[in-house]
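Working notes, beginning with the structure itself.
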Amino acid sequence: MTRYFEVHQRDGAARTGSLYLNSTIPTPTVIDTSSLKPEAEGDIIYPGNQWHFRNGKAATLATLELRQRVGKDKLMIMPSCTYSPMVAGDVTCEKIDVPADEGPTGIAYSERDPETIRDLYVADGIGCHEGNPRRLLANLMKVRKNIAPDSALYAPNIALPENVAMLIYLGVDILDTTRATIAAFEDKYMTSAGFIHLDRLAELPCCCAHCSGMNAKEVKDMDKKQRARLLEKHNIATLEAEVALVRQRIRSASLREYVEGRCRHDPALVAMLRLSDAEYDFLEERTALFKSAPLLATTSESLTRPEVVRFARRIQQRYTPPDKDVLLLLPCSARKPYSISMTHSRFRKALGKNLKLVQEVIITSPLGIVPRELEVTYPAAHYDTTVTGYWDAEEHRWVEECLKDFLLKHPYKHIVAHVENEYRSICENVSNKLGLDITYTSDGNVTSQNSLHKLEDTMKELCDGLRYRGDYRRDMLKAIADYQFGARSGETLLPPDSKIKAPFPRYQAFLDKEQLITLIPENGTIALTIEGAKRIIKTGDYVVNIDDFVPRGSILAPGVLDADERIRPNDEVFICGDKAFCVGRAAMSGPEMIRSSRGIAVDVRHVEKL
Numbered sequence: 000m001t002r003y004f005e006v007h008q009r010d011g012a013a014r015t016g017s018l019y020l021n022s023t024i025p026t027p028t029v030i031d032t033s034s035l036k037p038e039a040e041g042d043i044i045y046p047g048n049q050w051h052f053r054n055g056k057a058a059t060l061a062t063l064e065l066r067q068r069v070g071k072d073k074l075m076i077m078p079s080c081t082y083s084p085m086v087a088g089d090v091t092c093e094k095i096d097v098p099a100d101e102g103p104t105g106i107a108y109s110e111r112d113p114e115t116i117r118d119l120y121v122a123d124g125i126g127c128h129e130g131n132p133r134r135l136l137a138n139l140m141k142v143r144k145n146i147a148p149d150s151a152l153y154a155p156n157i158a159l160p161e162n163v164a165m166l167i168y169l170g171v172d173i174l175d176t177t178r179a180t181i182a183a184f185e186d187k188y189m190t191s192a193g194f195i196h197l198d199r200l201a202e203l204p205c206c207c208a209h210c211s212g213m214n215a216k217e218v219k220d221m222d223k224k225q226r227a228r229l230l231e232k233h234n235i236a237t238l239e240a241e242v243a244l245v246r247q248r249i250r251s252a253s254l255r256e257y258v259e260g261r262c263r264h265d266p267a268l269v270a271m272l273r274l275s276d277a278e279y280d281f282l283e284e285r286t287a288l289f290k291s292a293p294l295l296a297t298t299s300e301s302l303t304r305p306e307v308v309r310f311a312r313r314i315q316q317r318y319t320p321p322d323k324d325v326l327l328l329l330p331c332s333a334r335k336p337y338s339i340s341m342t343h344s345r346f347r348k349a350l351g352k353n354l355k356l357v358q359e360v361i362i363t364s365p366l367g368i369v370p371r372e373l374e375v376t377y378p379a380a381h382y383d384t385t386v387t388g389y390w391d392a393e394e395h396r397w398v399e400e401c402l403k404d405f406l407l408k409h410p411y412k413h414i415v416a417h418v419e420n421e422y423r424s425i426c427e428n429v430s431n432k433l434g435l436d437i438t439y440t441s442d443g444n445v446t447s448q449n450s451l452h453k454l455e456d457t458m459k460e461l462c463d464g465l466r467y468r469g470d471y472r473r474d475m476l477k478a479i480a481d482y483q484f485g486a487r488s489g490e491t492l493l494p495p496d497s498k499i500k501a502p503f504p505r506y507q508a509f510l511d512k513e514q515l516i517t518l519i520p521e522n523g524t525i526a527l528t529i530e531g532a533k534r535i536i537k538t539g540d541y542v543v544n545i546d547d548f549v550p551r552g553s554i555l556a557p558g559v560l561d562a563d564e565r566i567r568p569n570d571e572v573f574i575c576g577d578k579a580f581c582v583g584r585a586a587m588s589g590p591e592m593i594r595s596s597r598g599i600a601v602d603v604r605h606v607e608k609l
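Numbering-wise, the sequence shown is residues 0 to 609 according to numbering that gives the first Met the number 0.
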């Protein structure tokens, strides 16, 4: 088990953590390559590769001797063969037999190694793949998937200020200064947007301690060795500043937005982002159900980010609309949730008493479609996007697919679209593909009096004679329950005789005076009581099995015996043990709970002793 590394916060595959060595090292971090030497004072030591020793036995003895000399509070990376990744699979390397309990250890990742869990794994030779985004991504993901989730991942000889955000986004915890040092001796001046050769610099675009008080000419006129040392200090400072900013982005749950903007400096990084989004399962498993930061959709890659794709898939796979005959398609609004915006307030006022007879679905980019019942659920009430009035081909295709899938699965007798411009184009394309008749009620301005009167008259005609005895509040809570826990979960959780109380949007559901659920408006998810959990746990989903103890406050990963693999960070989960039944929020994914040996797995909210 890993004893010296612990993850604290997660933002997708990226995470902040701590290496508990002679001093605590916050991660992600950049280590000075020169500090890895055994004679240096660093907390991470690398004795050298196996080519330096005669054989595996000699390397083992030398490593054990070094461990005795430096003590057990420094992390030692075991000597490796350091083959190029292109040939590493065709050759064998003698095993270094140093027990993991001798102190914190790291090891070069190899598919042939036994299932020994180390505190740190080295993605050896990963720098060879720079410039080949497909191969680099494949190798990073292979290592990250196969090592323990609470082991640190070190990617040597690849870090540059422009690529560290992407590398950390994909799960790298430790980087080094190798490239910064090499660049300095090549007269390359690093910036956050890439390096500039010193010959092309008219001024120093930096005010760090090493550049302050200097000008470009003074640096150019320095002795080559002195100049290289100055550039090295600047380059490393630039690299460390970038990593510190990425750490803050992880803490604020906004790293994805930063990566989307950051990668624009390099086509290979844009390619990596697009290729990583194609690996949906890898990123989605590590992506929280909701975040504290808004989802900013400002690039074409926003359409394929895990939160957006998951929302669309869950609507297609889990959402069951109320049994109504009339569907009303509406445009989105800047203010969210949509129903409190001035635009949607006018739409709903025009519907009048027919509002409860109509199924409302909002068309929007990047989410595709948002049923009214899910308008408060993350990310539907938590996104912002660039509004220009122009939708590109990818947006059109994505939203059309979402609407088409919905209409294929849920047929309606009547479909009305109160939309204009791009929204109408999407509706027309879908109706042509499916052979459906759609009635349009806008005259070119959806909020004009003429358009609103036409909407009102059309709905009066279509809804004449229709009846619906349901309750919108119940429909909303059932839809959110289905979204969180799976199709038809809402029916199990909210029986017909349950009562809905409290004003919008803080709805609460009761059964025989026992509270079942509370809707949390900040993220649009349902929080369950013990009584509510007892009703829905019969489905067997989102369950965490623990050992025979009574949790107090939180459950650590070592106490988890098993967990549903569908659990994502921030999911509402049910904890079952011999001595207690609990309800709480997941702090990590189900697969991570099973494979981790450190860290909080679940924040417990309600406990019932058995």
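We put the CB at the ideal spot given by N, CA and C, even for glycine.
Predicted model, so just to flag it, every value in this text is computed and none were measured.
Cβ contact annotation for C401 (same chain, cutoff 7 Å, sequence separation greater than five): A311, G367, I368, in chain order. In this chain, R199 is not harboured by any beta strand (DSSP E), its DSSP state being neither H nor E. DSSP, reduced to helix, strand and coil, places N353 within a helical segment of the structure shown. Of the other Cβ atoms in all chains shown, fewer than 16 fall within 10 Å of the Cβ of C206; this residue is therefore exposed. Here P410 is exposed: its Cβ has fewer than 16 other Cβ atoms, across all protein chains shown, within 10 Å. DSSP, reduced to helix, strand and coil, places N214 outside both helices and strands of the structure shown, so it counts as coil.
Out of Q316, R487, L238, the CA that lies nearest to the CA of T180 is found in L238. Secondary structure of G558 (DSSP, three-state): helix. Counting only the Cα atoms, E161 lies some 12 Å from P266. Given a length threshold of 3 residues, each whole run of the beta strand (DSSP E) inside the stretch 466-522 is given here in chain order: 498-500, 507-510, 513-519. Note that the C-beta distance between L254 and A13 is below 9 Å.
Our two residues, F194 and P27, have alpha carbons roughly 22 Å apart in a direct line. Judged by DSSP secondary structure, H233 falls outside any beta strand (DSSP E) and instead within the alpha helix (DSSP H) spanning 223-250. Counting along the chain, S17 sits inside the beta strand (DSSP E) bounded by residues 13-19.
No residue range can be given for R285, since it is assigned to no beta strand (DSSP E) and is classified by DSSP as neither H nor E.
In this structure, the beta-carbon distance from L35 to Y19 does not fall below 9 Å.
Cβ-Cβ separation between A579 and V606: approximately 6 Å, consistent with a contact (criterion under 8 Å).
Non-local beta-carbon contacts of S301 in its own chain, meaning distances under 6 Å to residues more than five positions away in sequence, involve P365 in chain order. Fully contained in the stretch 414-449 are the following alpha helix (DSSP H) runs of length 4 or more, in chain order: 420-433. Our two residues, N138 and R466, have alpha carbons roughly 58 Å apart in a direct line.
If you check the CB distance, E359 and R345 do not come in under 9 Å. Only residues of its own chain outside the window of five on either side were considered, and among them V325, N353, L356, V357 have a CB closer than 8 Å to the CB of C462, listed in chain order. By the Cβ neighbour-count rule, F281 is buried, with 16 or more other Cβ atoms within 10 Å of its own. In this structure, G558 and V572 do not form a Cβ contact; the two beta carbons are roughly 14 Å apart against a cut-off of 8 Å. Going by C-alpha positions, A416 is about 40 Å away from G539. Contact between the stretch 481-490 and the stretch 381-392 is absent, with fewer than three C-beta pairs closer than 8 Å. Residue pairing from DSSP leaves C207 without any beta-bridge partner.
The distance from the Cβ of L492 to that of Y506 is about 13 Å, inconsistent with a contact at the 8 Å cut-off. Partner residues in the beta bridge of Q358, as assigned by DSSP, are L326. For F573, the enclosing beta strand (DSSP E) has its first and last residue at 571-575.
Apart from sequence neighbours up to five positions away, no residue of its chain approaches Q247 with a beta-carbon distance below 6 Å. Residue burial annotation: P494 is exposed, with fewer than 16 other C-beta atoms found within 10 angstroms of its C-beta. According to the DSSP assignment, F4 belongs to no alpha helix (DSSP H) but to the beta strand (DSSP E) extending over 4-10.
A buried status is given to G105, since no fewer than 16 other beta-carbon atoms sit within 10 Å of its beta-carbon. Following the DSSP letters along the chain, one finds F52 in no alpha helix (DSSP H), marked with neither H nor E. L272 carries a helical assignment under DSSP once its states are collapsed to helix, strand and coil.
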